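Residue 1 is where the sequence shown starts when you use full-length UniProt numbering, and the numbers rise one by one after that. Where is the CB? At the ideal position from N, CA and C, for every residue including glycine. Small disclaimer: the values here were computed from a predicted structure and weren't measured. A quick write-up on the structure given underneath.
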Amino acid sequence: MTATNETQTNRHLLPQTVKPKLYKLQLEPELEFSEQNGAQDKKDLKFQGKADIEVEIISPTNCVTLHALDLEIVQATVEIDKSRFVKAESVRCDNEQQTASVVFPETLSPSQHIIIHFEYTGILNDQMVGFYRSSYKGPHGETRYMATTQFEPTDARRAFPCWDEPAIKSAFEITLIVPPDRDCLSNMDPVSQHINESGKKVVQFQKTPIMSTYLLAFIIGEFDYIEDKTKQGVHVRVYTLKGSSELGRFALQVAVKTLSFFAEFFDIAYPLPKMDLVAIPDFAAGAMENWGCVTFRETALLIDPANSSTVARSRVAEVVAHELAHQWFGNLVTMEWWTHLWLNEGFATWAADLAVDHLFPSWGTWLQFVSSTFSAALRLDSLESSHPIEVEVKKAGDVNEIFDAISYCKGASVIRMLANYLSLESFQKGLQVYLKKFSYKNAATDDLWNVLEEVSGKPVFSMMSLWTRQTGYPVVQCSYEQSGRWILEQCRFLSSGYKQSNTSSGGEKSPLWIIPIGVVSSSQSREPHYFLLKESKEQVDSSLLGKEEEWLKLNANQSGVYRVNYPLSMWEKLRKPVRNGELSSTDRLGLSMDSFALCRAGMMPTTCALDMMASFENEKEYTCWVDLISNFESLHSVFGKTDSSRQLMDKFFCYIMRNIAQQLGWRSASEDEEHSVRLLRPKVLRALVDFKDANTISTAKQLFEQYIHDKSSVAADLRGVVMAAAVSEGGRKEFDQVLHMFETAALNEEKVRCLQTLGCTPQVSLMKEALEWGWQHVRYQDFIYLVSSIGSNPKGVEVVWEYMKEHWSELYERYGKGNFMLTSFIRACTAQMTSFSEADQVEAFFQSKQVEGCERTIRQCVERIRVSAKWFERDEKATMEWLQHYVKEHSC
Ligand code: BES
Ligand code: ZN
Numbered sequence: 001m002t003a004t005n006e007t008q009t010n011r012h013l014l015p016q017t018v019k020p021k022l023y024k025l026q027l028e029p030e031l032e033f034s035e036q037n038g039a040q041d042k043k044d045l046k047f048q049g050k051a052d053i054e055v056e057i058i059s060p061t062n063c064v065t066l067h068a069l070d071l072e073i074v075q076a077t078v079e080i081d082k083s084r085f086v087k088a089e090s091v092r093c094d095n096e097q098q099t100a101s102v103v104f105p106e107t108l109s110p111s112q113h114i115i116i117h118f119e120y121t122g123i124l125n126d127q128m129v130g131f132y133r134s135s136y137k138g139p140h141g142e143t144r145y146m147a148t149t150q151f152e153p154t155d156a157r158r159a160f161p162c163w164d165e166p167a168i169k170s171a172f173e174i175t176l177i178v179p180p181d182r183d184c185l186s187n188m189d190p191v192s193q194h195i196n197e198s199g200k201k202v203v204q205f206q207k208t209p210i211m212s213t214y215l216l217a218f219i220i221g222e223f224d225y226i227e228d229k230t231k232q233g234v235h236v237r238v239y240t241l242k243g244s245s246e247l248g249r250f251a252l253q254v255a256v257k258t259l260s261f262f263a264e265f266f267d268i269a270y271p272l273p274k275m276d277l278v279a280i281p282d283f284a285a286g287a288m289e290n291w292g293c294v295t296f297r298e299t300a301l302l303i304d305p306a307n308s309s310t311v312a313r314s315r316v317a318e319v320v321a322h323e324l325a326h327q328w329f330g331n332l333v334t335m336e337w338w339t340h341l342w343l344n345e346g347f348a349t350w351a352a353d354l355a356v357d358h359l360f361p362s363w364g365t366w367l368q369f370v371s372s373t374f375s376a377a378l379r380l381d382s383l384e385s386s387h388p389i390e391v392e393v394k395k396a397g398d399v400n401e402i403f404d405a406i407s408y409c410k411g412a413s414v415i416r417m418l419a420n421y422l423s424l425e426s427f428q429k430g431l432q433v434y435l436k437k438f439s440y441k442n443a444a445t446d447d448l449w450n451v452l453e454e455v456s457g458k459p460v461f462s463m464m465s466l467w468t469r470q471t472g473y474p475v476v477q478c479s480y481e482q483s484g485r486w487i488l489e490q491c492r493f494l495s496s497g498y499k500q501s502n503t504s505s506g507g508e509k510s511p512l513w514i515i516p517i518g519v520v521s522s523s524q525s526r527e528p529h530y531f532l533l534k535e536s537k538e539q540v541d542s543s544l545l546g547k548e549e550e551w552l553k554l555n556a557n558q559s560g561v562y563r564v565n566y567p568l569s570m571w572e573k574l575r576k577p578v579r580n581g582e583l584s585s586t587d588r589l590g591l592s593m594d595s596f597a598l599c600r601a602g603m604m605p606t607t608c609a610l611d612m613m614a615s616f617e618n619e620k621e622y623t624c625w626v627d628l629i630s631n632f633e634s635l636h637s638v639f640g641k642t643d644s645s646r647q648l649m650d651k652f653f654c655y656i657m658r659n660i661a662q663q664l665g666w667r668s669a670s671e672d673e674e675h676s677v678r679l680l681r682p683k684v685l686r687a688l689v690d691f692k693d694a695n696t697i698s699t700a701k702q703l704f705e706q707y708i709h710d711k712s713s714v715a716a717d718l719r720g721v722v723m724a725a726a727v728s729e730g731g732r733k734e735f736d737q738v739l740h741m742f743e744t745a746a747l748n749e750e751k752v753r754c755l756q757t758l759g760c761t762p763q764v765s766l767m768k769e770a771l772e773w774g775w776q777h778v779r780y781q782d783f784i785y786l787v788s789s790i791g792s793n794p795k796g797v798e799v800v801w802e803y804m805k806e807h808w809s810e811l812y813e814r815y816g817k818g819n820f821m822l823t824s825f826i827r828a829c830t831a832q833m834t835s836f837s838e839a840d841q842v843e844a845f846f847q848s849k850q851v852e853g854c855e856r857t858i859r860q861c862v863e864r865i866r867v868s869a870k871w872f873e874r875d876e877k878a879t880m881e882w883l884q885h886y887v888k889e890h891s892c
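Below, the structure written as structure tokens:
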């Protein structure tokens with residue numbers, strides 16, 4: 001891939017006069033606070049670094065500019081033709097650009113053999129970016145530190161001076177200098193090890209293949225591991241803190257099978273000799289795909305059969321598969337620039353489900369894809385403040401914010417749509433060709449489309465560019481014409497309901513998409529019928545869509561990235577096949593999702609969506625309940641402004657859930673109960689607690705009493721429910737009991753469970769206390785769980801917002817570097833806001849604050865609040881009347 005001059009300036013790319021070929025890096029971190037380094041304030045540990053970078057001079061220059069951030073460069077020297085050393089004249093650091101420019105007294109030319117030597121120091125920070133420290137307890141309860149890395153997207157420059165752009169690939173040789181009792185891990189296996197004159201252990205690793213800087217990793221700590229081998233002979237290990245390695249068993253099994261699965265699916269062997277999966281106690285994201293040395297949060301890797309929930313198992317399988325997919329999609333073939341981040345993240349998200357579905361066919365993974373990934377994509381992309389999948393990224397600060405539901409979820413959803421359109425076999429063939437063609441290189445979105453077009457013989461480029469370059473997605477409006485024909489119209493779906501039209505004059509024109517339409521109908525309910533909708537408005541013969549008196553459902557299997565609206569009479573007809581299960585689970589789920597989104601946008605009456613909701617009273621499918629319960633929660637937060645309106649809704653919700661609640665009960669019917677039922681039980685019971693079902697609450701409280709005395713008396717899956725009931729219906733006592741559980745829990749998953757329930761307390765004073773306590777005592781990575789549990793408590797909305805206003809600068813200081821964390825705080829603190837005045841307040845507050853890297857998130861949150869406020873104004877009266885009528889008629 002070549003970058004033109006124009007894109008170069010746009011993107012703040014480094015000058016292309018010099019390119020790295022091989023980095024030899026040597027790093028020596030301090031792992032203890034001592035008198036000298038300021039034990040008093042415990043602020044920062046440091047590391048010593050040496051970087052010997054063999055480069056290619058593309059055009060003659062005496063100035064080398066590369067990335068460096070928070071590094072103190074002590075010395076820079078150039079070695080010319082292995083014979084002469086020339087010291088740099090000056091080293092200028094530019095904090096804004098995050099670069100260092102090194103000027104030499106003579107011009108370096110392409111014919112020379114050039115090695116640049118740097119000696120520098122850096123900061124082993126506690127902000128989970130770059131080369132950073134993570135803490136754990138030693139055998140005597142003392143705090144110890146490990147050193148580890150998180151370089152994606154742009155923090156390798158905090159660890160060594162480098163060309164920190166994904167397209168500038170190079171080989172690396174890492175050497176670590178550490179106390180003799182510590183273990184060292186990196187992308188490759190060690191090649192040599194010795195003790196140096198200061199008694200330190202020096203570990204040198206094999207040279208890596210050609211790769212991007214953001215995928216490099218080095219870790220120094222004290223670990224145990226378990227290991228296995230894939231059938232192709234790759235060594236796979238899971239590393240944990242000492243004494244916990246068995247907790248890696250489940251992940252190890254998943255990793256071994258998944259690595260083989262991908263090698264076969266992509267028809268390319270995993271290229272490194274080993275694959276390490278490492279649990280890091282302090283970790284900003286969920287996991288990071290460093291080539292051959294994947295790092296994880298503990299909750300994304302460790303499973304304790306006695307204390308882990310089914311949700312946790314799903315999550316571990318998902319995350320492991322996702323990171324292993326990156327070993328091909330991302331590591332072997334890398335996006336040319338962050339604009340194409342979705343090629344990494346969208347693909348890994350899709351491919352993870354492909355692998356999980358292969359490993360655990362009974363889990364219903366693709367069905368869950370629709371209620372989680374697909375639905376998150378459609379939710380975010382319905383905002384005017386959304387962005388296209390291929391998004392312009394100019395500076396380092398912009399990159400973090402695009403690790404969002406558009407890159408991940410919309411990316412994965414358009415891939416699923418395309419795979420369905422081309423057939424999985426043809427799609428797979430295309431992927432194999434693409435990966436082989438661009439191995440050890442970089443690619444852009446168009447490169448993928450071109451290969452797929454060639455391999456499949458279908459017009460992939462023209463269709464898919466519309467989906468990746470335009471913001472948003474369409475709603476297909478279908479109506480019946482007297483003449484016996486159906487009319488299909490498309491325009492962008494916006495949750496603000498603002499209607500862009502292609503047909504009427506005036507107003508903004510909606511973009512157009514090429515939409516694969518799949519149809520099931522009463523006469524053809526299993527085998528969908530497919531065609532493409534290309535125009536803004538098309539007539540379709542009834543032989544394709546069925547007759548008017550029949551029901552029909554478009555977007556069969558929810559495989560296309562769009563919503564569908566029908567005439568009200570058709571929505572009515574669709575209630576029956578929902579109720580009796582004639583429609584597949586995915587299609588029922590699709591109708592639930594679309595009807596709710598449409599009423600929120602004002603494109604159909606809320607009462608019609610409530611009618612649809614009521615048709616789910618016999619529903620058994622987990623994913624449908626995920627969607628229904630999330631819709632209940634939205635109704636609650638938008639329309640539940642008074643106690644009486646909330647009680648009215650609670651009655652309706654609990655009534656709709658009565659059948660499923662009864663079938664599930666509190667205990668599993670059998671040992672080998674299905675995965676989705678194990679997920680469903682806590683989901684429904686927790687909703688019944690939140691919506692104040694008296695029976696559920698009283699059982700939960702009894703179980704809590706037992707749980708206090710005997711942990712094993714409550715299954716891991718139900719602990720969250722039981723604790724939530726106790727805290728939300730209790731007072732200081734129960735709050736303290738859960739706090740105590742946090743303090744004594746061994747497994748991080750359990751600590752997180754406690755944080756997620758502390759926020760359920762009805763007492764504002766306890767919420768405030770929890771926040772003060774959490775800021776001090778909870779790992780930085782987990783504080784968000786506490787904030788979001790308070791933020792989702794109707795009584796806590798104001799508390800978290802006041803907290804955010806008061807502490808913004810501290811939050812910014814602690815979380816602003818890996819700022820996708822900061823954006824989740826903003827979302828958590830505004831999630832339940834639903835009035836115009838709250839939207840104004842949020843907007844006004846951030847106007848005067850430092851918000852770099854959060855700008856788009858703030859716009860999205862504000863827009864979402866206004867959508868809710870409008871919805872309330874428009875439909876409050878009719879909604880309450882409908883509910884009153886329903887509750888009376890059914891004596892709920
Ligand atoms: N590449 C990301 C990790 C990452 C995220 C780096 C944000 C920098 C900023 C990794 O592959 C990833 O996507 N992790 C996910 C888990 C996945 C299962 C969705 C995560 O961290 O949540
Ligand atoms: Zn990823």
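DSSP, reduced to helix, strand and coil, places E798 within a helical segment of the structure shown.
Not one heavy atom of ligand 1 sits closer than 7 Å to the Cβ of E535.
For the stretch 819-843, the continuous alpha helix (DSSP H) assignments of 4+ residues that do not extend past its boundaries occur at 820-830, in sequence order. For E298, the CB stays at least 7 Å from every heavy atom of ligand 2.
I114 sits in a strand when the DSSP states are folded into three classes.
With the criterion CB distance below 5 Å from any heavy atom of ligand 2, the matching residues run E345 and A348 along the chain. Distance from the C-beta of N331 to the nearest heavy atom of ligand 1 is not below 7 Å.
For L568, the number of other beta carbons within 10 angstroms of its own is below 16, and it is reported as exposed.
Put simply, the backbone Cα of S135 is about 28 Å away from that of Q253. Linking D381 to T623 through their CA atoms gives a straight-line distance of about 21 Å. Secondary structure note for I268: it is in no alpha helix (DSSP H), with a DSSP letter that is neither H nor E. A straight line joining the alpha-carbon of L583 with that of L747 spans about 42 Å.
In this structure, L591 keeps its C-beta atom at 8 Å or more from the C-beta atom of E538. In the DSSP annotation of this structure, the continuous segment of the beta strand (DSSP E) that includes T295 starts and ends at C293 to R297. DSSP places T148 within a strand segment (E or B) once states are collapsed to three. Nearest C-alpha to S198 among M188, A661 and P179: P179. Membership of M723 in the alpha helix (DSSP H) is indicated by the continuous run A716 to E729. In chain order, T834, S835, F836 and A839 place their CB closer than 7 Å to the CB of A869, counting only its own chain and leaving out the 5 sequence neighbours on each side.
Judged by pairs of C-beta atoms under 8 Å, the stretch 90-106 does not touch the stretch 180-198, as fewer than three such pairs exist. Bridge pairing for V236: D228 and M275 [DSSP]. DSSP places I210 outside any beta strand (DSSP E), giving it a letter other than H or E. Assigned with DSSP and collapsed to three states, G221 falls in strand.
In terms of side-chain proximity, the C-beta atom of G853 is found no nearer than 7 Å to any non-hydrogen atom of ligand 1. The C-beta distance from R182 to I220 rounds to 5 Å, short enough to meet the 8 Å contact threshold. By the Cβ neighbour-count rule, H140 is exposed, with fewer than 16 other Cβ atoms within 10 Å of its own.
Per DSSP, the beta-bridge partners of F531 are I517.
Under the three-state reduction of DSSP, I402 is assigned to helix.
With fewer than 16 neighbouring CB atoms inside 10 Å of its own CB, T642 falls in the exposed class.
With contacts defined as CB atoms closer than 8 Å, L758 and S789 qualify as a contacting pair. Relative to the Cα of Q477, the nearest Cα in the group W571, S483, L431 and K19 belongs to W571. Between A725 and V689, the CB-CB gap stays under 8 Å. Runs of beta strand (DSSP E) with 3 or more residues, each lying fully within the stretch 854-881, are absent. Scanning the stretch 69-94 for uninterrupted beta strand (DSSP E) segments of 3 residues or longer gives 72-80, 84-87 and 90-94, listed from N- to C-terminal end.
Beta-bridge pairing by DSSP links G130 to Q150. Per the C-alpha coordinates, the member of L766, G774, S765 and V764 positioned closest to V752 is G774. Under the 10 Å beta carbon count, R678 is surrounded by 16 or more other beta carbons and is classified as buried.
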